[in-house]
Amino acid sequence: MADSNEMTINLVVLGRTQTGKSAAGNSLLGSSDFESHCSPSSVTTCCSLGRSCRISGIMRRNGCELALRVQVLDTPGYPHSDLSREHVRERVRSALAHHFGKEGLHLALLVLRADLPLCPDERDHAVQFIQELLGPTWKDFTAVLLTHADKAEEAGFSEEAYLHSASSTLLSLLSSVQHKYIFLYNQKNIIKEERAIVLQRLLNFIRQNNYQVLPFKHSKE
Ligand SMILES: Nc1nc2c(ncn2[C@@H]2O[C@H](COP(=O)(O)OP(=O)(O)O)[C@@H](O)[C@H]2O)c(=O)[nH]1
Ligand SMILES: [Mg+2]
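Numbering (this note's numbering) for the sequence shown: 15 to 235.
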């Protein structure tokens, strides 16, 4: 938490390898803190926390401007090329407790590629993984980030057309998280205006949740 004219939102990116988690984290932070590139093996192996600088012009409360700060926890994806499911889960679990043990988590962002169909097995793995990390109220604290929306757009899909043609697996997942989803056109660094729109949408989700946070037990070390 910070002074009264500033608000910090705490986010974690989750999802399989090469979906664009680290790139999404960088876009949200307006930085290049996280290593992100195309690779035949998983790039991210450890969790790391990135913090944005103060962002103004996004948020108001009771008629007053509030500066926003964003904290993003980048995570190794699961499935991962070199780490077992248990390793990834324990790394993420301990990083959540370490970084957000005191302040709590506002939203987990489940990162999926918009240019690939979501199949039931993958959905089940992702949901089970998030449930293990966030517990029974995971749906209230999860939003879906659909990266590679630029590729879907290149293939002729507007967001509406995309949702009309999307797999029932994806549609039921979006419905289960109360339609908290955002398309990300993250082929290069997103521009300031696009970032502001994404942050506004995330803030709306957080507001819908009455600014509740999900607490985590502090790590012992
Ligand atoms: N075209 C496109 N490429 C993306 C997008 N998001 C990520 N990428 C690329 O996908 C690759 C993997 O991204 P990365 O952030 O390392 O994935 P991670 O393993 O989930 O962290 C990188 O080459 C990114 O530049 C996107 O929205 N559109
Ligand atoms: Mg990564």
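Positions of the beta carbon are idealized from the N, C-alpha and C atoms, including for glycine.
The segment 144 to 153 touching the segment 177 to 188, judged by at least three CB pairs closer than 8 Å: no
Euclidean distance between Cα positions of S172 and L187: 20 Å
Residue range of the beta strand (DSSP E) that includes I23: It spans 20 to 28 - the beta strand (DSSP E) in which I23 sits, taken as one unbroken run.
From G34, K206, D154, E100, residue whose alpha carbon lies closest to that of V191: D154
Sequence ranges, alpha helix (DSSP H) only - wholly within the segment 184 to 220, length at least 4: Correct list: empty.
Beta carbon of H120 nearer than 8 Å to that of V27: no
Classification of K206 by the beta-carbon crowding that lies within 10 angstroms, buried from 16 upward: K206 is exposed by the Cβ-count criterion.
T59 beta carbon near ligand 1 (any heavy atom closer than 7 Å): no
Length-filtered (3 minimum) beta strand (DSSP E) runs lying within the segment 81 to 133: 121 to 127
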